[in-house]
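K.L.:
Whatever position you read off the sequence shown (first residue = 1), add 5 for the working numbering.
The beta carbon of each residue, even a glycine, is placed where N, CA and C say it ideally should be.
First the structure, which I've put down as structure tokens, then a few questions once you've had a look.
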Amino acid sequence: MGKMTKLGVIGLTALLAAACSNGGSGNQAAPSPAGGAGTGAAAAKETKEVKLTMMTNATGTTFDAIQAVIDGFTKENPNIKVDFSTQGKDYEQLMKAKMASNDLPDLFATHGWSVNRYSEYLRPLNDQPWFGSLTDTIKPTISDKKGNVFVLPLNIDQSGIVYNKKVLKDLNLEVPKTWQELLAACKIIKNANITPIYIGGKDTTKLAGFFNKLAPTVLISDKSHNYGDSLKDGSFDWSKWNTVSQQLADLKKEGYLNKDVVTADPLSAAEKLATGKAAFLMENNAIVAEAKKINPDAQIGMMPVPAFHPGDEPILNGGEREAFGVWKQSKNTEAALQLLNYMAKSENIAKVAAATGMPAGLKNVKYDLGSLTEDYTKYSNLRTIPVFDREFLPNGMWSTLKIIGPAILTGDMTVEDSSRMMSDDYKKLRSQK
């Protein structure tokens with residue numbers, strides 16, 4: 006079933022083995038040919054002043070880690086300036102406008118859509134020296150039907166739910182394996198005057214992300230409730246989405262979400278987690294580094310998304326994360342590729358992997374995921390299912406998910422209303438293919 010078949014049961018063990026391999030600091034994650042991009046010889050020959058534009062949606066620690074890599078590149082190549090900027094939650098809309106006007110940055114992040122949305126605007130990168138070092142985990146996800154790859158994946162999004170281990174330990178709670186166990190834990194946590202699940206809903210992508218975490222467990226992972234094929238062929242019965250939306254409504258009704266969920270600043274989530282004021286965050290592992298900056302002693306971990314249906318097993322969500330491609334009409338292609346190859350050095354890949362708490366996208370990279378290493382080892386045999394909206398919904402429905410979450414929480418939309426909007430947008434966007 007599409008990318009899910011490609012990912013299947015992902016070998017996290019293999020990823021961890023790669024993390025512990027001999028790709029020490031200073032080595033290339035992929036071999037560079039003599040005189041190739043990023044070498045001293047190439048830099049010496051290049052005297053022309055070049056300014057590259059580079060854009061991303063990454064923020065916080067992730068942005069800082071990538072910026073540090075770019076700073077290293079410009080120090081070695083003073084003739085090349087890099088204007089690196091983040092647009093945060095507005096990135097997707099800005100990129101849609103730039104695609105419409107065919108005016109894109111020299112390099113840009115593809116935020117999970119390198120193939121299905123951006124491939125027609127990107128230069129294939131199969132000829133680059135690091136191509137042969139793509140991990141077996143990520144390569145199928147970022148390859149089109151012809152085998153073309155359009156991005157350098159700095160890391161791999163493999164995550165579940167981030168949680169405060171001390172909160173659970175202090176309340177004698179085990180890591181929930183089922184949705185019912187999670188709800189039971191939430192009740193105990195709430196009674197201890199701690200927010201069970203914290204969401205910074207002022208940024209509506211956080212509520213859309215909640216659906217991306219939950220929906221696969223309701224509609225995909227259980228054999229008796231696997232609607233992946235019908236979601237892809239257009240025959241899905243959208244009344245089944247009621248179950249997904251109902252969980253968000255119920256969490257609010259039971260008081261298991263922060264009271265200011267719709268207006269809470271997303272930056273506050275890391276502080277709540279780090280200080281033990283919140284137990285669970287439905288976010289990827291990048292927020293762990295943010296929390297550790299606030300409280301270095303915080304005991305924070307990653308757990309799988311609990312199984313929703315009886316008899317099913319917990320899962321991880323996975324796919325493309327920090328990945329950058331080169332606009333195929335860039336007037337600075339040579340310099341852009343030079344930067345990309347510099348970013349592919351093992352020590353640079355390692356910096357981003359460590360900063361985001363996610364596995365590296367290239368082999369032969371030695372990196373440290375800190376406290377998350379134990380969790381990746383523990384859950385090494387779990388299934389990793391692709392990010393829901395990227396794999397099972399038509400391009401554009403991320404915006405729909407951003408709308409229905411806040412509307413359900415404010416009462417502006419019923420559960421049934423949300424399913425009708427999902428159905429309407431699904432049909433409309435499929436017809437535009």
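1) Determine the contact status of Gly1 and Met363, defining contact as a CB-CB distance below 8 Å.
2) In terms of residues, what are the limits of the beta strand (DSSP E) holding Tyr168?
3) Do you know how far the Cα of Asp95 is from the Cα of Lys8?
4) Report the start-end ranges of each beta strand (DSSP E) in the stretch 229-290 that is 3 residues or longer and not cut off at the edges.
5) Quick one: give me the first and last residue of the alpha helix (DSSP H) that Asp422 is part of.
6) Comparing C-alpha positions only, which one of Ala358, Leu344 and Gly410 sits nearest to Lys80?
7) Cβ atoms of Tyr126 and Leu109: under 8 Å apart, would you say?
8) For Ala274 and Glu186, what's the separation of their Cα atoms in angstroms?
9) What residues in its chain sit with their C-beta under 7 Å from that of Ser424, if we drop five residues either side in the sequence?
10) Buried or exposed for Ala70, please, with buried defined as at least 16 other CB atoms from any protein chain shown within 10 angstroms of its CB.
11) Do Asp111 and Val357 have their beta-carbon atoms positioned less than 8 Å apart in this structure?
12) Would you give the residue range spanned by the alpha helix (DSSP H) that Phe216 belongs to?
13) Strictly by DSSP, which residues pair up with Trp332?
14) Where Pro158 and Lys228 are concerned, what is the direct C-alpha to C-alpha distance, given to the nearest angstrom?
15) What is the residue span of the beta strand (DSSP E) that Met363 lies within?
16) Would you mind reading off the limits of the beta strand (DSSP E) that contains Leu112?
17) Compare the C-alpha of Glu295 against each of Val55, Phe68 and Asn62 and name the closest.
18) Would you give the residue range spanned by the beta strand (DSSP E) that Phe89 belongs to?
19) Under 8 Å by Cβ, that's how I've got Leu57 and Ala341 pegged, so tell me the actual separation to the nearest angstrom.
20) Taking the C-alpha atoms as reference points, what is the distance between Asp175 and Gly410?
21) Straight-line CA distance for Leu398 to Pro391?
22) Look up Gly206 in the DSSP assignment and give the residues it is bridged to.
23) Within the same chain, show all residues whose beta-carbon is closer than 6 Å to that of Lys103, passing over the 5 residues directly before and after it, in chain order.
24) Taking the C-alpha atoms as reference points, what is the distance between Asp429 and Leu236?
25) Using 8 Å as the Cβ pair cut-off and three pairs as the minimum, do the stretch 307-321 and the stretch 192-200 touch?
26) Quick one: Cα of Lys150 to Cα of Asn337, how far?
27) Based on the DSSP secondary-structure assignment, which residues constitute the bridge partners of Thr200?
28) Whose C-beta lies closer than 6 Å to the C-beta of Tyr431 among residues of the same chain, with five residues either side of it excluded?
29) My output table needs one value for Ala49: the three-state DSSP class, helix, strand or coil.
30) If I'm right that Gly366 touches Leu219 with Cβ under 8 Å, what's the distance once you round it to whole angstroms?
31) State the start and end residues of the unbroken beta strand (DSSP E) segment that holds Gly410.
32) Cα-Cα, which of Phe215, Ile147, Pro83 and Tyr261 is closest to Lys407?
33) Could you check the C-alpha separation between Asn84 and Glu97 for me, to the nearest Å?
34) Apply the 10 Å Cβ neighbour rule to Thr115 and answer buried if 16 or more other Cβ atoms are within range, or exposed otherwise.
35) Lys383 by DSSP, collapsed to three states: which one?
36) Cα separation between Leu178 and Ala190?
P.N.:
To lay it out plainly:
1) Beyond the ends of the chain as shown, which are 6 and 438, falls residue 1; an answer cannot be given.
2) Ile166 to Asn169
3) Only weak support is given to the placement of Lys8: the predicted model assigns it a pLDDT of 42, under 50, and the value that follows is read from those uncertain coordinates. The straight-line gap from Cα to Cα measures roughly 27 Å.
4) 283-286
5) Val420 to Ser436
6) Leu344
7) yes
8) 23 Å
9) Trp243, Ser244, Trp246, Asn247 and Ser250
10) buried
11) no
12) Thr210 to Leu224
13) Leu127
14) 31 Å
15) Neither: Met363 is in no beta strand (DSSP E) and is coded neither H nor E.
16) Leu112 to Ala114
17) Phe68
18) Ile85 to Thr91
19) 6 Å
20) 32 Å
21) 12 Å
22) None; Gly206 has no bridge partner.
23) Leu109
24) 14 Å
25) no
26) 28 Å
27) Ala283
28) none
29) Residue placement at Ala49 cannot be trusted, given a pLDDT of 47 that sits under 50; what the coordinates show is reported in the next sentence. Note: Ala49 maps to helix in three-state DSSP.
30) With 8 Å as the limit, Gly366 and Leu219 do not qualify as a contact, their Cβ atoms being about 26 Å apart.
31) Run containing Gly410: none in the beta strand (DSSP E); it sits in the alpha helix (DSSP H), Met402 to Thr415.
32) Phe215
33) 31 Å
34) buried
35) helix
36) 7 Å
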